[in-house]
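Here the structure is laid out as structure tokens; the discussion comes afterwards.
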Amino acid sequence: MTNLNTTMHKTIEIVRVAWPFGHGVNIFYREAGSKNAPTILLLHGFPTSSHMFRNLIPALADEFHLIAPDYPGFGASSMPKVDEFEYSFDKLADIVEKLTIKLDLQQYFLYVMHYGAPVGYRLASKYPNKVLGRVFQLGDPPLVPLKKGGL
115 MTNLNTTMHK TIEIVRVAWP FGHGVNIFYR EAGSKNAPTI LLLHGFPTSS HMFRNLIPAL
175 ADEFHLIAPD YPGFGASSMP KVDEFEYSFD KLADIVEKLT IKLDLQQYFL YVMHYGAPVG
235 YRLASKYPNK VLGRVFQLGD PPLVPLKKGG L
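Note that the numbering used here gives residue 164 to position 50 of the sequence shown, counting from 1, and the numbers run on in steps of one.
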């Protein structure tokens with residue numbers, strides 16, 4: 115049996131629908147805690163990776179299921195060339211959204227830092243019923259109003 119405080123290091127392929135069709139990007143993520151506990155999705159800042167949560171994850175793993183992905187181009191995830199991947203907050207949010215679907219995360223809390231804030235805002239706006247709560251660390255508010263109930 116795996117200790118819940120043990121952080122697992124995993125990689126999962128996320129298939130992109132846009133060009134180049136059929137190609138995927140490998141997303142590295144850290145996971146700890148029981149899948150039966152409330153999930154916290156930890157979204158890192160710039161110029162960091164999920165490594166920034168290396169001390170926080172074991173501290174929370176007794177109470178929460180934790181998922182901390184590296185965005186494309188960061189940490190241990192794939193680093194597609196700029197002519198093969200649009201490095202925008204919309205695309206990063208799309209990748210994180212697909213990760214949550216692939217990992218079957220029905221509901222989760224967001225803990226976001228810096229670059230993670232615009233990604234988290236997009237998820238919370240698109241899926242207000244999935245996002246149970248938010249912690250923003252060094253994140254700017256969105257410049258446009260969000261959908262009713264989004265934030």
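Even for Gly, the Cβ is constructed at its ideal location relative to N, Cα and C. It should be emphasised that the depicted structure is a prediction, and the values quoted were computed from it without experimental measurement.
Status (buried if at least 16 other CB within 10 Å, exposed otherwise) for residue i
| i | result |
| --- | --- |
| ASP197 | exposed |
| LYS216 | exposed |
| GLY147 | buried |
| PHE178 | buried |
| VAL298 | In the structure displayed, the chain extends from 115 to 265; residue 298 sits before or after that span and is not available. |
| GLU145 | buried |
| LEU252 | exposed |
Option nearest residue i by Cα separation, candidates the options
| i | options | result |
| --- | --- | --- |
| TYR235 | TYR185, ILE126 and PHE203 | PHE203 |
| TYR241 | GLY138, TYR222 and VAL249 | TYR222 |
| GLY230 | GLY159, LYS195, ASP208 and LEU155 | GLY159 |
Boundaries (first-last residue) of the beta strand (DSSP E) holding residue i
| i | result |
| --- | --- |
| ALA146 | 138-146 |
| PRO183 | 179-183 |
| PHE223 | 222-227 |
| VAL249 | 245-251 |
Presumed contact (8 Å Cβ cut-off) between residue i and residue j, rounded CB distance
| i | j | result |
| --- | --- | --- |
| VAL226 | LEU174 | With a Cβ gap of about 15 Å, VAL226 and LEU174 do not count as contacting. |
| TYR143 | SER164 | 6 Å |
| ILE141 | ILE209 | 7 Å |
| GLU249 | LEU224 | In the sequence under discussion, the amino acid at residue 249 is Val, which differs from the Glu named in the question. Contact flag correct, Cβ pair sits at about 7 Å. |
| THR121 | ILE171 | 5 Å |
Endpoints, alpha helix (DSSP H) assigned at residue i
| i | result |
| --- | --- |
| PRO172 | 170-174 |
| VAL210 | 203-216 |
Margin query: Across the segment 184-194 and the segment 213-228, are there enough close Cβ pairs to call them in contact, namely three or more that are closer than 8 Å?
Written below: Counting Cβ pairs under 8 Å, fewer than three are found: no touch.
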